[in-house]
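Following this line, the structure appears as structure tokens:
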């Protein structure tokens with residue numbers, strides 16, 4: 001195999017109660033990337049469409065992951081990488097994670113499936129370090145494993161795949177305002193009441209149980225975040241309106257995607273998810289803020305060959 | 001039906017990571033209780049064996065629950081209650097919860113199954129108020145629902161049954177020292193680091209996922225408590241030795257049962273659980289402290305007719 005075209009999904013991290021611990025991958029929203037083997041042993045980013053990102057390989061998330069994997073595997077080839085971003089960086093939908101995990105997946109294919117998903121996640125996390133300074137796993141693990149994932153532990157990294165109910169559909173609205181991950185982190189308290197923490201882990205337990213047992217009602221009752229959302233939502237115009245409208249339109253629940261500004265909702269079928277999209281759209285259409293909306297099933301496979 | 005004999009199980013609350021949110025019921029350790037309809041409309045506790053507890057109905061956990069249910073249901077009968085305690089109050093194994101939930105279950109049978117398990121849990125929680133001043137749900141819900149339960153929410157009460165792997169077996173050691181629930185609560189911090197909380201809810205997620213998927217290894221990796229155990233274990237002599245010995249003998253994990261002093265371990269089969277019992281016994285046998293050990297499967301039914 002000399003060339004591979006891959007799709008790397010957008011991802012929703014946190015999933016309300018699962019702050020810094022859970023994530024899921026979208027089926028139809030994500031980046032396209034083309035990787036071509038070269039004889040030079042270098043990594044060259046030859047095309048980037050859809051976003052302004054560095055072309056220097058050691059400053060580009062995809063380039064960093066590719067260089068690391070070629071070195072680790074002592075590969076006898078180099079790479080030409082073309083990146084087609086289909087959603088914007090800074091959306092809270094794991095843009096850097098899509099580049100990092102798409103690269104990890106593609107390079108592994110070109111290496112003949114040398115690495116496990118856990119190892120690919122560890123490589124992709126180094127792309128997250130390049131993008132935001134932290135080796136966070138939730139978005140990249142969701143992109144690589146697909147479906148819902150739980151980051152059970154960091155040292156050693158322990159990723160648990162959680163079954164995804166087939167009919168579960170996400171609706172996303174991305175208000176095109178800038179929230180830096182750093183700023184979004186600053187507003188989250190470093191200490192919390194034990195009582196709040198207990199409620200949060202009861203909801204994590206409920207969400208994971210609901211996903212395992214296809215209990216949509218339980219999933220909905222568990223999509224509650226007492227830790228990040230009460231603080232972060234102030235950074236997102238009309239958050240409460242969007243959430244309430246989504247739930248009124250039939251969504252099981254809604255919350256902030258990653259560190260925002262995107263807002264996600266989960267619904268029990270496509271038709272409801274589309275109604276939720278209409279409801280979200282109605283809140284934003286006269287807001288004077290640019291925005292995009294998306295409806296997508298949950299991706300069961302994550303990163304995949306196109 | 002004029003008389004009913006019931007078994008009400010001992011229960012393990014918290015289950016390490018699931019502090020104040022999870023619990024499970026034991027199959028073979030628990031109280032026996034006999035309820036006989038009377039014409040007097042009073043509740044009389046006519047026998048208590050195995051523990052020193054009040055005979056006045058309005059001061060006895062079983063009496064309190066029975067009085068409440070007879071009043072709520074406008075029953076045209078009274079009750080004679082005989083209580084046979086097979087494990088000691090103050091053990092951390094839900095002694096008051098066994099009396100409360102056994103009563104709720106038995107009275108409901110005599111009323112022709114008028115109430116749901118959720119309603120029975122709410123009645124039994126009033127027994128917990130009588131016993132310890134708080135309407136805690138974890139032990140009583142585990143006793144009434146059986147298996148593993150998650151207290152997803154208190155207001156309104158929301159109990160989630162979690163599937164129990166068939167082969168899972170608990171080993172318990174009860175060192176006969178006194179730890180008051182109140183004292184055990186005092187040593188647990190009221191505020192915790194967000195980082196600690198995230199680890200705790202990742203483990204709750206892992207434990208619930210492991211129970212759903214019969215993943216014993218994941219169950220073991222998730223039996224970690226960073227919140228109560230590091231503080232409470234100081235109240236339990238030889239805790240670290242017991243835990244380490246249990247794990248060395250093959251247990252998936254171990255922790256404090258409820259607010260202690262009992263220590264529980266979970267194993268993937270009966271043979272291992274018996275080895276774990278031997279290992280726990282070896283730690284305590286020359287300690288000069290009286291103790292009991294128990295090996296039991298997880299009760300899938302909870303409170304039951306004998």
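Residue numbers (the UniProt record's numbering), protein chains in the order written: chain A, 1 to 306; chain B, 1 to 306.
The beta-carbon is built from N, C-alpha and C at its ideal position, and this holds for glycine as well.
9 Å Cβ cutoff met for residue i and residue j
i, j, result
"residue 236 (chain A)", "residue 179 (chain A)", "yes"
"residue 70 (chain A)", "residue 107 (chain A)", "yes"
"residue 84 (chain A)", "residue 47 (chain A)", "yes"
"residue 152 (chain B)", "residue 205 (chain A)", "yes"
"residue 146 (chain B)", "residue 302 (chain B)", "yes"
"residue 298 (chain B)", "residue 27 (chain B)", "yes"
"residue 86 (chain A)", "residue 30 (chain A)", "yes"
"residue 287 (chain B)", "residue 92 (chain B)", "no"
"residue 78 (chain B)", "residue 39 (chain B)", "yes"
"residue 33 (chain A)", "residue 82 (chain A)", "yes"
"residue 50 (chain B)", "residue 201 (chain A)", "no"
"residue 207 (chain B)", "residue 15 (chain B)", "yes"
"residue 101 (chain A)", "residue 140 (chain A)", "yes"
"residue 194 (chain B)", "residue 188 (chain A)", "yes"
"residue 304 (chain A)", "residue 6 (chain A)", "yes"
"residue 9 (chain A)", "residue 66 (chain A)", "no"
CB contact check: residue i to chain A, cutoff 9 Å
i, result
"residue 22 (chain B)", "yes"
"residue 151 (chain B)", "yes"
"residue 183 (chain B)", "no"
"residue 195 (chain B)", "yes"
"residue 302 (chain B)", "no"
"residue 198 (chain B)", "yes"
"residue 202 (chain B)", "yes"
"residue 207 (chain B)", "yes"
"residue 12 (chain B)", "no"
"residue 121 (chain B)", "no"
"residue 140 (chain B)", "no"
"residue 160 (chain B)", "yes"
Inter-residue CB distance, residue i and residue j (contact presumed, cutoff 8 Å)
i, j, result
"residue 150 (chain A)", "residue 22 (chain A)", "6 Å"
"residue 172 (chain B)", "residue 294 (chain B)", "4 Å"
"residue 221 (chain B)", "residue 184 (chain B)", "So it is not a contact: roughly 26 Å between Cβ atoms."
"residue 24 (chain A)", "residue 142 (chain A)", "5 Å"
"residue 251 (chain B)", "residue 267 (chain B)", "5 Å"
"residue 256 (chain B)", "residue 273 (chain B)", "So it is not a contact: roughly 18 Å between Cβ atoms."
"residue 211 (chain A)", "residue 163 (chain A)", "6 Å"
"residue 124 (chain A)", "residue 144 (chain A)", "6 Å"
"residue 176 (chain A)", "residue 290 (chain A)", "4 Å"
"residue 226 (chain B)", "residue 196 (chain B)", "5 Å"
"residue 12 (chain B)", "residue 258 (chain B)", "7 Å"
"residue 192 (chain A)", "residue 306 (chain B)", "45 Å between Cβ atoms; not a contact."
"residue 170 (chain B)", "residue 265 (chain B)", "7 Å"
"residue 138 (chain A)", "residue 20 (chain A)", "7 Å"
"residue 292 (chain B)", "residue 174 (chain B)", "5 Å"
Those residues which DSSP pairs with residue i across a bridge
i, result
"residue 84 (chain A)", "A:32 and A:49"
"residue 153 (chain A)", "A:158"
"residue 175 (chain B)", "B:291"
"residue 180 (chain B)", "DSSP output for residue 180 (chain B) lists no bridge partner at all."
"residue 267 (chain A)", "A:169"
"residue 3 (chain A)", "A:36"
"residue 13 (chain A)", "A:23"
"residue 191 (chain B)", "A:193"
"residue 43 (chain A)", "A:79"
"residue 148 (chain B)", "B:24 and B:162"
"residue 318 (chain B)", "Lying before the first or after the last residue shown, residue 318 (chain B) is absent from chain B, which here runs from 1 to 306."
"residue 298 (chain B)", "B:26"
"residue 305 (chain A)", "A:6"
C-beta neighbour in chain B for residue i, strict 9 Å
i, result
"residue 132 (chain A)", "no"
"residue 213 (chain A)", "yes"
"residue 19 (chain A)", "yes"
"residue 111 (chain A)", "no"
"residue 164 (chain A)", "no"
"residue 261 (chain A)", "no"
"residue 192 (chain A)", "yes"
"residue 187 (chain A)", "no"
*Can you list, in chain order, the residues of the segment 217-244 of chain A whose Cβ is nearer than 8 Å to any Cβ on chain B?*
Listed by position along the chain: 218, 221, 222 and 227.
*Cβ-based contacts, 7 Å cut-off: residues of the segment 28-46 of chain B near chain A*: Within the segment 28-46 of chain B, no residue has a Cβ that lies closer than 7 Å to any Cβ of chain A.
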